[in-house]
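Scroll down for the structure; my scribbles are underneath it.
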Amino acid sequence: MSWRKEMFGVNKPIIALLHLGALPSDPKFKRGTPIKQVIDEARKDLHALQDGGVDGVLFSNEFSMPYQSNVEMVVPITMGRIIGELRSEIKVPFGVECEADPMATIDLAAAVEANFTRGTYTGGYVGDGGIVDTDIATLLRRKWSLGLDNLRMLYFLNNESDEYLVPANLPAQAQAIIFNCEPDAFCISGANAGIEANSDWITQVRDAIDRQVPVFANTGCRAENIKEKLAISDGACVGTAFKIEGKFKNHVDPARVKEFMEKVREYRAENKDA
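Residues 3 to 276 (this note's numbering) are what the sequence shown spells out, left to right.
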């Protein structure tokens with residue numbers, strides 16, 4: 003049995019991205035906003051996603067832009083409070099991602115007992131935030147020291163908004179990461195949140211690694227294309243498509259979640275291994 007089947011009950015899960023509002027210290031955080039308001043907004047989105055039938059939920063500080071590679075301490079602390087207050091209402095497997103700080107993500111996962119994480123854990127990148135140099139060796143040692151043996155880690159194979167410092171061959175990169183790091187899954191992204199991931203890249207990577215590790219479509223899945231994406235991948239992470247008018251800045255639209263998941267159910271009815 004695959005770890006996805008064991009965790010989510012399906013082989014090709016739909017992981018919904020629950021984008022928390024801006025948090026204290028974030029430039030987009032409005033001074034004087036009570037944390038209870040952020041919690042209430044997250045609660046509403048959580049129930050809309052779960053009621054719509056998603057297989058899992060990933061909590062992320064998506065509106066902490068521009069992202070920090072070493073976040074302010076108040077950010078994961080606030081995320082921990084939010085998730086803690088919602089914990090009794092979370093009915094599906096859940097993960098965390100503290101953008102864009104892998105070490106804070108691992109520590110947060112330990113604190114809230116998350117089932118999985120997602121993030122940029124390997125490689126060197128350049129973008130509007132400068133040069134980012136990850137440290138997977140230290141990160142995996144931290145995971146081990148915290149006893150997180152069952153924490154599943156979904157690795158970005160390409161970053162959503164940054165580029166590798168030198169052009170990378172994604173299939174070759176995937177093979178190297180498997181050899182050195184033993185990832186639980188890869189995520190292949192488009193240029194930004196909501197931008198469709200390149201289907202050829204997904205197929206090429208899956209073929210190159212001979213299905214050793216699941217490959218997720220990380221961005222740009224919509225009700226109109228999810229069947230196509232599931233046919234060539236091992237699951238999907240979905241955020242923007244679930245939002246009002248399909249716009250990144252908005253909150254979750256329950257009707258869009260249900261429409262999307264109906265397409266997923268149709269696909270699963272036609273493909274018993276999904």
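Backbone N, C-alpha and C define an ideal beta-carbon position, used for all residues, glycine too.
Y157 has its alpha-carbon roughly 15 Å from the corresponding atom of W5. Here N152 is exposed. Its C-beta has fewer than 16 other C-beta atoms within 10 Å. It is roughly 37 Å from the alpha-carbon of D212 to the alpha-carbon of M81. At the C-beta level, M67 and T119 stay beyond 8 Å of one another.
Using a Cβ distance threshold of 8 Å, D103 and S71 count as a contacting pair.
V254 and A243 have their C-alpha atoms some 9 Å from each other. Secondary structure at T124: coil, using DSSP grouped into helix, strand and coil.
Restricted to the region 184 to 262, the beta strand (DSSP E) segments that are unbroken, complete and at least 3 residues in length are 187 to 190, 217 to 219, 238 to 240, listed in chain order.
Residue ranges of uninterrupted alpha helix (DSSP H) with 4 or more members, entirely inside the region 140 to 187 and ordered along the chain, are 172 to 183.
K274 has its alpha-carbon roughly 36 Å from the corresponding atom of E43. Taking the Cα of D186 as reference, the smallest distance to any Cα among N161, W146, I246, Q214 is reached at Q214. Taking 8 Å as the upper bound for CB-CB distance, V240 and L19 are in contact here, some 7 Å apart.
In this structure, DSSP gives L51 a helical state, which the three-state scheme calls helix. In the DSSP assignment, E99 is bridged to S62. Where D135 is concerned, there is no enclosing alpha helix (DSSP H), although the beta strand (DSSP E) around it starts and stops at 132 to 135. Around the beta carbon of R33, fewer than 16 other beta carbons sit within 10 angstroms, so the residue counts as exposed.
In summary, T107 is buried, with 16 or more beta-carbon neighbours lying within 10 Å of its beta-carbon over all protein chains present. Listed in chain order, the alpha helix (DSSP H) elements of length 4 or more contained wholly in the region 6 to 32 amount to none.
Look at G34 here: in three-state DSSP terms it is coil, with no helix or strand label.
Contact check for P256 against D57 fails: the beta carbons are separated by 8 Å or more. For V94, there is no enclosing alpha helix (DSSP H), as DSSP marks it with neither H nor E. At a Cβ-Cβ threshold of 8 Å, F61 and V98 count as neighbours. Here the alpha carbon of I17 sits roughly 15 Å from the alpha carbon of E264.
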